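Read the structure below first, then the notes.
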Amino acid sequence: MLRHTYTRFLIAGCFSLFIHRGVKAQDLKFSRVEGLSQSVVNCILQDSKGFMWFGTQTGLNLYDGYSFTIFKNNPLDSNSMSHSYVQCLLEGSDGSIWVGTDGGGLNRYNRLTNTFSSYKHDPKDFYSLSGDQIKALLQTKDGTLWVGTENGLCAMNISTGKCIRYQKDDKDRNSISYNKVSCLAQDAKGIIWIGTENGGLNSFNPSTGKFAHYFNNADEHSGIGSNWVTAILPDSEGKLWVGSFDKGLTVFNPSTGKSEYFTDSSQVSICHTRVTDIKELSDGNVWITTYNGISVYNRKTGKFKCIRPDSDYEYSLSSPQIRCLLEDDAGTVWVGTYGGGVNAYFKGRQKFRYYRQETNVPTTLSSNTIMCFAEVDDATVWIGTVEGGISVWNRKLDEFSHIEKDGPEGLTHQSVISLLKDSRGKIWAGTWGRGLQAYDPATGKFTHYRKANPGTRPGGLYVSNQTVLSLAEDPKGKIWAGTFAGINIYDPKTESFSYLTMDEGLSDNVIYSLYAASNDVMWIGTLNGGLDAYDLHTGEFTHYQKQKDNTGISDNAIYSIYEDEKGFIWLGTGNGLCKLNPATGRFENYYEANGLPSNVILGIVPDDKGNLWLSTSDKGIARFTPAAGREKIEVRSYDVDDGLQNNEFNQGAYCKLASGEILFGGIKGFNAFLPSDVRENNHVPPVYIKSFRTLGQELKLDTNIIDKKYIELDYKDAVFLSFEVVGLDYIRPAKNQYKFKMEGLEDNWRPAGQNRFPQYTNLKGGHYVFRVMASNSDDLWNQHETTLSIYVVPPFWETEWFLTLCTIVVVAGVFGFIRWRTQQIQRENKVLEGKVAERTRELAQKNEDITSSIMYAQRIQQAILPSKDTVCKQLKAAFILYLPKDIVSGDFYWYGQRDGLHIIAAVDCTGHGVPGAFMSMIGTNLLNQIVLEQGVTRPSEILNKLNDGVQRALQQGHHEVETTDGMDVALCSFDPQKMEIQFAGAYRPLFIFNASGFEMKSGNKFPIGGVQVNEARVFTNHKIKVEPGDRIYLFSDGYVDQFGGELGKKFMTKRFRQLLLHLDKLPMPEQAKLLREKFEEWRGKEEQVDDVLVIGIRF
């Protein structure tokens, strides 16, 4: 068997209708693909799975929407086809594909084994086929396979392969009339109809075993038109359609014996007298293929229309000589041609009616470049074109007449780019370079308005520019004409023009679009100046232009304008779709990033359901559903594959008719559609696994992978698996989507988009189920997934018996090891227990020694600190709250008297515990020297000397010593005689509470000691007068930095100040008590983070 797979197709795309007047010529459209084995297609079949089969002169082609698999005769392969010339195809009731060849007999394709078996004429076997040229195949309801050959008719028992021959017997008038059988069919009553090449039409009654004959008897309107019968169709009405080789078509009524005859002699008849195939489609219409196109009989009208190639239309039939035809399960019509491959008409793509200019058909459009529309009445639409004047569309007849440049009272130019029917019935036409025209239906004449000649004063009946880009009528009946030189406003009462230009307030003189809104505002779209709103009452302009911060309109080129029912203004621009709220002046802008097919929006047309239909410059059209009542907008895009004239549309070429129909024009004609008739593809695609590869090689299977349900793999083959899947929807297969799941490896479906080749690596031994689902091009999913069960045989080391054995060995080994190790640990533990006990005694002794030393240091620190009672007695009303974090503290207080002054300090040394205690001893010693020995009492001077002393003591600034230790200090001196205090601080403040309220004196923003060795530090001295009852507080940061409360936050200075304020009336000892209680309450279970020191004094 010789089989080839191609990814190039030779399916010729959509065909146009070259037809009589009154039948739309643009209903059919689709694209070309390439790849058939040969361009002469004799027969077409869609099998029960959905695959397409094409029989050609050089092989059998299997098509899945993406590629062809081609079967041919291979003399070296007995399982290949017996002959490559295929004449007819049939799928049997068991799913086998029967292939009739020209000289190779009958072939049967077994899908499971992917092989062919052949049945041929054997002169020695009377039960073999009567001939090897197979012309026709038919399987009747009883399962018998009927085979038409060049040497009689055969009835084959498909189980045994034996045939009963029916051949002409001159002695038997009830035998077949001629041995060359050309076609077969069975009607609803079970009668088999046999067409012969020169013996007329036969009917065979299986119950009687007799043949009846029908010959050419056209003169008496009975019988058939020709004795060479090429096609037979028993239709749904009981009639028999009989096609002939040379005399056209006969519609024969077996009940009455009467016939109707159709030849190509009439324009309302069939295309040609040589008929090749006849099919009744799902819509009831009958399609007749001939050697000069396709005739389509419409049962409703009783008329024929002809489909022929059109050299001016790229999607027309690829050849006039048609051999066969088939409608598939999605309604697609497949056409086999002689020399032109396969053509297909995809009904699912044709969402829009299409009108274009057709060569030598005067009732079609005059030009394919459409610029504008105007609905004249419910049956007439005027269409402005480029170089074709105006096409007048009679919608009832579905024909076009034309208004072209014609004399002084006719149209002045062939390019009409704007149209308007006004409220008085006149039709206004704006031309390219020849001014404005007004057509009066009463007289049938045009009035011309042109630009004044040089030297003529503008005004009156002259327009300011010869090219009229846009037209609109305002509520007063005035006609607005947008040009390259501003706006011309025609007043019917005065029959004269007035003008608006940039001198009068327009933002730009090039006017692309005009729209009369409901509130007497004329909206004006310009080329480069953005949007203008002109108030018809006041004559004032409001301008909307693009802003640098992107808060305004998205672009200054305005191609289309529309006001919706809520009063919002929608704009099609050169950079997106804009929605303006005139009440607020705010814009909402939408771009490709929001789902638009293109950012260049040329036309906006509403439908009756609140959607906006948008035409674009290069990406087709879109249905835009605003977000009202939704979480987000919805956009559905359509392109040329959906039946559009092209993906390029023209500015101004859009219109909504009174019937609700929408028109969009472009560079190759225009589309018309009712939005409610735009339906999605509703064909649910079956999905199959076409190929299964391991390590990049096709896996050899005993049956076809398409029908396979279970595969067993060695673990070595599961290192890399790849699949090829197909969803059989042929309308736009490139847009079919897929999702996969490997059950046992993945829990969720994996969306794959258009990817048909899922891959998996390193599957471990075990059971898996590969699942695949597919959707069509309009996102309709087949909910019945296709599955393939896969069992990966694990390596022996992953098998249950091996794992069980290993488990036993491991458990035994672990048990033995644990027992040995336990005994060893017990012996070692006895040794360790002695060592641990000894070390514990040593550590306990060391800990006791260290603790004793620290406790001794505490006693020394307490001895150095002045007695709280002494300090409070000297200051009369005072308290000291002192709460070290550890045994010894880094916070300390100092008190001394000199020259009648009381001097007290609250000091916070770097760190806490032992390091802080060392610093506190240095600080206490230095303060004693500075105040008590040297007699320095001015607080700022004390801090200056304390800073020098600390840096000397710690050798700060020397390279060999690196230390940043220091102190934060709040220091006060109190003169009882003058009732005056002086204060200086290093990072620490002084709180003062008096009759006036609260006052804080901040310390300097540098510490005592530290790294700022070379920088001069001069501490600020503050003098404050105090009155009896005034309070002051000095404190370290330990209280305010303590974490606690419900949220575990710091106490903070603000809360501390408020607390002190509430303690105003309490004696100072009570304040100390409450401060400690509040601190403990705030801290709760939190650890104390720092030493706490608070000194309070009342004067």
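Just so it is clear: in the sequence shown, position 845 is 855 by our numbering, and no numbers are missing. For each residue, glycine too, the CB sits at the ideal point set by N, CA and C. This structure is a prediction, so every number in the text was calculated from the model and none was measured.
| Check | Outcome |
| --- | --- |
| Under 8 Å between C-beta atoms of L46 and N71 | yes |
| Beta-ladder partner(s) of S930, from DSSP | Answer is none; S930 lacks a bridge partner. |
| Chain-order list of residues whose beta-carbon lies under 8 Å from that of Y472 (same chain, five-residue window excluded) | Y459, R460, K461, A462, T466 and F507 |
| Identity of the residue in T561, M91, C665 and E505 nearest S570 by Cα | C665 |
| Environment of C816 [buried if 16+ CB atoms lie within 10 Å] | exposed |
| Own chain partners of S480 with C-beta closer than 7 Å, once the 5 adjacent residues on each side are dropped | S428, G492, I521, Y522, S523, L524 and G662 |
| CB-CB length for A237 against N208, believed under 8 Å | According to the sequence shown, residue 237 is Asn rather than Ala. Right, the Cβ-Cβ distance comes to about 6 Å (below 8 Å), so this counts as a contact. |
| Straight-line Cα distance separating K619 from D484 | 27 Å |
| Opening and closing residue of the beta strand (DSSP E) in which E385 lies | I380 to D387 |
| Validate contact between the region 927-935 and the region 896-907 using beta carbons, cut 8 Å, 3 pairs | yes |
| Whether L813 touches E690 by CB criterion (8 Å) | no |
| Environment of E1090 [buried if 16+ CB atoms lie within 10 Å] | exposed |
| As assigned by DSSP and simplified to three states, the class of P264 | coil |
| Which listed residue (I437, T441, L446 and R444) has its alpha carbon closest to that of G454 | I437 |
| Residue from Y500, S376 and P986 whose Cα sits closest to the Cα of G910 | P986 |
| For W830, three-class secondary structure by DSSP | helix |
| Residues of its chain near R1108, where Cβ-Cβ distance is below 6 Å and the 5 sequence neighbours each way are ignored | A887, R1041 and M1078 |
| Contact under 8 Å by Cβ, R434 with P502 | yes |
| Per-residue DSSP class, three states only, for I168 | coil |
| Three-state secondary structure assigned by DSSP to F40 | Reliability fails at F40, whose pLDDT of 30 lies under 50, so the model's placement of it is uncertain and no value is given. |
| Candidates K134, T342, T880 and G350, of which the one nearest S328 by Cα | G350 |
| For Q149, the nearest candidate out of Y323, N189, Q196 and R121 (CA to CA) | Q196 |
| Span of the alpha helix (DSSP H), counted from its first residue to its last, around K1064 | T1063 to H1072 |
| Backbone CA spacing between F494 and V694 [nearest angstrom] | 52 Å |
| Cβ distance (whole Å) where T125 is taken to contact V96 below 8 Å | Actually they do not touch by this definition, with Cβ atoms about 17 Å apart. |
| DSSP-derived helix/strand/coil call for A668 | coil |
| Rounded straight-line distance, which links the Cα of K589 to that of I579 | 6 Å |
| Beta-carbon proximity check, G1054 vs F1045, cutoff 8 Å | no |
| Sub-8 Å separation of G312 and V285 beta-carbons | no |
| Spatially closest choice to C919 from S877, D978 and L875, by CA coordinates | D978 |
| Environment of F767 [buried if 16+ CB atoms lie within 10 Å] | exposed |
| Span of the beta strand (DSSP E), counted from its first residue to its last, around T206 | I202 to T206 |
| Extent of the continuous beta strand (DSSP E) run through I332 | I332 to E337 |
| Three-state secondary structure assigned by DSSP to T395 | strand |
| Coarse secondary structure for L755, derived from DSSP in three states | coil |
| Rounded Cβ spacing between F634 and L587 (contact assumed at less than 8 Å) | 7 Å |
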